[in-house]
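Beneath this line is the structure, given in structure tokens, with notes to follow.
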Amino acid sequence: MSLDQQAVALKHKEGQDSKTRYLAVASGKGGVGKTLLSINMGKCLSDGGSKVLIIDADFGLSNIHLMLGLNPEKTLSDFFYGRAEFKDILVKVNDNLYFISSGSGIYELARLPGDQILNLVRRLQELSEDNYDWVIFDTPPGIHEDTLMVTSAVDIPVILTTPEPTAVADAYALIKILNRESGVESFYLLVNKAENYREAEKVYESIQLLAEKFTTAKINFAGSIKYRKNIIRRIINQNPFDSSLMEEVYGVLKNMPLNLKLREESFWQRILTKIFKR
Ligand SMILES: Nc1ncnc2c1ncn2[C@@H]1O[C@H](COP(=O)(O)OP(=O)(O)OP(=O)(O)O)[C@@H](O)[C@H]1O
Ligand SMILES: [Mg+2]
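Following this line, the structure appears as structure tokens:
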């Protein structure tokens, strides 16, 4: 175990009280690396001894399974409609790391009758809290209302961007909406495909400046992930875990409040409140 790896494992264990933490990776612009980094964050946390569930919330364009070369036969939608048990939609990556594909699940959930929503959400809460230390949501790009709902309900909202001006503008737009319309006050900004740390830091500073001026949000700098030419090869070979990338991801996780104090209201309760407010 590297030093960063040990620090991440310890940092999480310290705050452990059998409850589950929820993290979402969101971006304004597409293609910035949400899926790659959700998977690698999940792998780093699970290697540190945590049980991790990744939920591919990219309804319609799900692609975690493509990156991992594992094909789920059933999705969260099948679970919602009673066509599958929860264990049948779980895809095992290793003993500590699982993922599920949402299909159009979360989108559909909000459209079911109220008592059914209540039952399903309670069941999801039980399943998460009985089995996982972490649930990570890989969301679709943009400001779809379901992405806003999930990202504003998690404990750690990660906003991912690249240094490209269009991606930066869209990241800020997402932060502004999440802050003004969904009441999110604290964000973790991660800059992917950076040439170096300074470049990423400049992106952070520009977003931070705007956020300070026009929102009430606090932007925390989660760090920088280098552009790597070889990543595309790994993705083609369906093995997205890269040791040097994972070292950087450990550094990023160290910047996040992995042992944060849990709020009174759990993630799933916050989701319920949001669904019923619509
Ligand atoms: N650090 C990196 N260095 C080089 N290429 C990268 C890096 N991160 C991601 N990529 C490449 O960027 C592309 C998009 O990555 P990924 O699918 O993870 O993005 P995404 O944000 O999930 O996309 P979408 O918005 O479509 O869901 C992939 O081809 C991946 O290889
Ligand atoms: Mg994706």
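Going by numbering that gives the first Met the number 0, the first residue of the sequence shown is number 0, and it counts up by one from there. Every residue gets a Cβ at the ideal spot worked out from N, C-alpha and C, and that includes glycine.
Counting along the chain, Val167 sits inside no beta strand (DSSP E); it lies in the alpha helix (DSSP H) bounded by residues 164 to 181.
The beta carbon of Ser265 sits closer than 7 Å to those of Gln124, all from its chain and outside the five residues before and after it, given in chain order. Three or more beta-carbon pairs drawn from the segment 92 to 102 and the segment 65 to 77 are found closer than 8 Å, and the two stretches are therefore classed as touching. Glu263 and Lys18 have their C-alpha atoms roughly 11 Å apart. Here the alpha carbons of Ala56 and Tyr249 stand approximately 23 Å from one another. Beta-bridge analysis with DSSP links Ala25 to Ile158. In the three-state reduction of the DSSP assignment, Gly113 falls in the helix class, which pools H, G and I. Tyr187 has Val157, Asn219 as its beta-bridge partners, per DSSP. Ranked by Cα distance from Ala166, the options Val120, Gly81, Val202, Tyr196 are led by Val202.
The C-beta distance from Gly141 to Leu189 rounds to 17 Å, too long to fall under 8 Å, and the pair is not in contact. Residues of the same chain with a CB within less than 6 Å of the CB of Phe240, apart from the 5 flanking positions on each side, are Lys42 in chain order.
Proximity to Asp169 across Lys28, Pro156, Asn236, Arg20 peaks at Lys28, based on C-alpha coordinates.
Distance from the Cα of Leu36 is smallest, within the candidate group Lys225, Lys260, Leu209, for Lys225.
Residue burial annotation: Leu259 is exposed, with fewer than 16 other C-beta atoms found within 10 angstroms of its C-beta.
The alpha carbon of Leu67 has as its nearest neighbour, out of Glu184, Lys86, Thr34, Gly47, the alpha carbon of Thr34. Distances from the CA of Ile54 to each of Arg277, Tyr131, Arg232 were compared; the closest alpha carbon is that of Tyr131. By the neighbour-count definition (other C-beta atoms within 10 Å, threshold 16), Lys192 is a buried residue. The residues Ser17, Lys18, Thr19, Ser265, in chain order, have a CB closer than 8 Å to that of Glu128 in the same chain once the five nearest residues on each side in sequence are set aside.
In the structure shown, Asp77 adopts helical secondary structure according to DSSP, grouped into three states.
Around the beta-carbon of Gly32, 16 or more other beta-carbon atoms lie within 10 Å, marking it buried. Rounded to whole angstroms, the separation of the alpha carbons of Ile270 and Ala152 is 6 Å.
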